[in-house]
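**Student:** The structure that follows is given in the form of structure tokens.
Numbering (the working numbering), first residue to last: 12 to 136.
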């Protein structure tokens, strides 16, 4: 136990691996192929595992992919604030009581955040 097979990192939840790869892609200058992701992870994961994770993230619409040679190159669909906004929108869309959810959200905002939200919703104010 505790040994490590080359190309296989310690077992971690899929969400943690996705977050690690997403952060790596967000820091990159452009789209990366699975081989480039594998290299930047320092061999923590096998190439096939990286391909599987990237494919799943693409299916979840977290990444775009474009053909590059015989592989695909992957890039995030948005930046970190964009992903946070998508998560917030997703939670809201799952609820039938949107008004109540938004009201509770607004009630929980600090005065500074409430002022910022007002400015964003009504820029001419």
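By construction, the Cβ of each residue, glycine as well, lies at the ideal position given by its N, Cα and C atoms.
What are the residues that DSSP puts in a beta bridge with residue 76?
**Tutor:** Here the question's residue 76 lines up with position 65 in the chain shown. In the DSSP output, where bridge partners are listed per residue, residue 76 has 85.
**Student:** Per DSSP, which one or two residues make a beta bridge with residue 43?
**Tutor:** As a position in the chain shown, residue 43 is number 32, starting the count at 1. Looking at the DSSP assignment, residue 43 forms a beta bridge with 85.
**Student:** Can you give me the Cβ contacts of residue 77 inside the same chain, cut-off strictly under 7 Å, excluding the 5 residues immediately before and after it?
**Tutor:** Counting from one through the chain shown, the residue named residue 77 turns up at place 66. Here the set comprises 42, 83 and 84.
**Student:** Return the residue from the list 29, 125, 102 and 109 that minimises the CA-CA distance to residue 64.
**Tutor:** For this step, residue 64 is matched to residue 53 along the chain shown. Minimum Cα distance to residue 64 is reached at 29.
**Student:** Is residue 51 closer than 7 Å to residue 35 when the C-beta atoms are compared?
**Tutor:** Sequence index remark: in the chain shown, residue 35 carries index 24 (1-based). Sequence index remark: in the chain shown, residue 51 carries index 40 (1-based). A contact, by the Cβ cut-off of 7 Å.
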